[in-house]
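Under full-length UniProt numbering, residue 151 is the last one in the sequence shown; the count climbs by one each step, no gaps. A short worksheet on the structure shown next.
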Amino acid sequence: MTETVSLPKAMWRGFTMKCPNCGRGHLFGRFLKVADHCEVCGEDFTPQRADDFPAYLVIVVVGHVVVPALLWMEMTYAPPAWLQLAIWLPFTLFSALGLLQPTKGAIVGLQWQLGMEGFAATRRAAAPVRARSNVGTVGGLAERNPPRYSR
């Protein structure tokens, strides 16, 4: 893709679990496993390092929704503890699981657009869009250099 993708657009594409470059390919191979590359445009996702940050964001967001709602319900209706648990535990679990993958996608989109964690080194400016193949790789896995940090 030759045009520049804005930061909000790249993050939205990641949030919708699509390639931040083309917006058509799938970003994830499995639930939280980012694909090695986009099957449509060939963009390399191996430099991404979303790690634990999406989980921290999900905990903050879900916690800021669940805790006030739980306290409001307790102050307004004073239901028994078993009912509170029956309502809020599944809600917390499913909302956290539902937000985890889109949040990780948005973080990968952020890293991709800003050229963080090796994305800048792998990005080819104004290169023609083509799908990557496994030619020249060992076992279908491309070799990559890990980032080197200087002190």
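All residues carry an ideal CB built from backbone N, CA and C; glycine is no exception.
Could you compute how far the alpha carbon of residue i sits from the alpha carbon of residue j?
i	j	result
Ala-96	Phe-31	13 Å
Val-5	Tyr-77	49 Å
Leu-100	Val-58	6 Å
Leu-93	Pro-68	16 Å
Arg-130	Ala-55	Caution is warranted here: a pLDDT of 49 is assigned to Arg-130, below 50, making its placement in the model unreliable, and the coordinate value is therefore given only provisionally. C-alpha separation (whole angstroms): 33 Å.
Lys-18	Cys-38	9 Å
Trp-12	Ile-107	10 Å
Leu-7	Phe-53	18 Å
Pro-79	Asp-51	38 Å
Gly-63	Phe-91	11 Å
Gly-25	Met-73	42 Å
Gly-42	Gly-115	16 Å
Phe-119	Pro-20	12 Å
Over the uninterrupted alpha helix (DSSP H) stretch that includes residue i, give me the two end residues.
i	result
Met-73	53-77
Lys-18	It is not in any alpha helix (DSSP H) - Lys-18 carries neither H nor E in the DSSP assignment.
Gln-48	First-last for Gln-48: undefined, no H or E at that position.
Leu-110	81-114
Are the beta-carbon atoms of residue i and residue j separated by less than 9 Å?
i	j	result
Gln-111	Pro-47	yes
residue 183	Val-34	This structure leaves residue 183 out entirely; the chain is present only between 1 and 151.
Gly-14	Pro-102	yes
Glu-117	Arg-49	yes
With a cut-off of 8 Å on the beta carbons, I'd call residue i and residue j a contact; round off their distance for me.
i	j	result
Phe-45	Asp-36	6 Å
Gly-109	Ala-10	4 Å
Trp-88	Val-66	6 Å
Leu-70	Gln-84	7 Å
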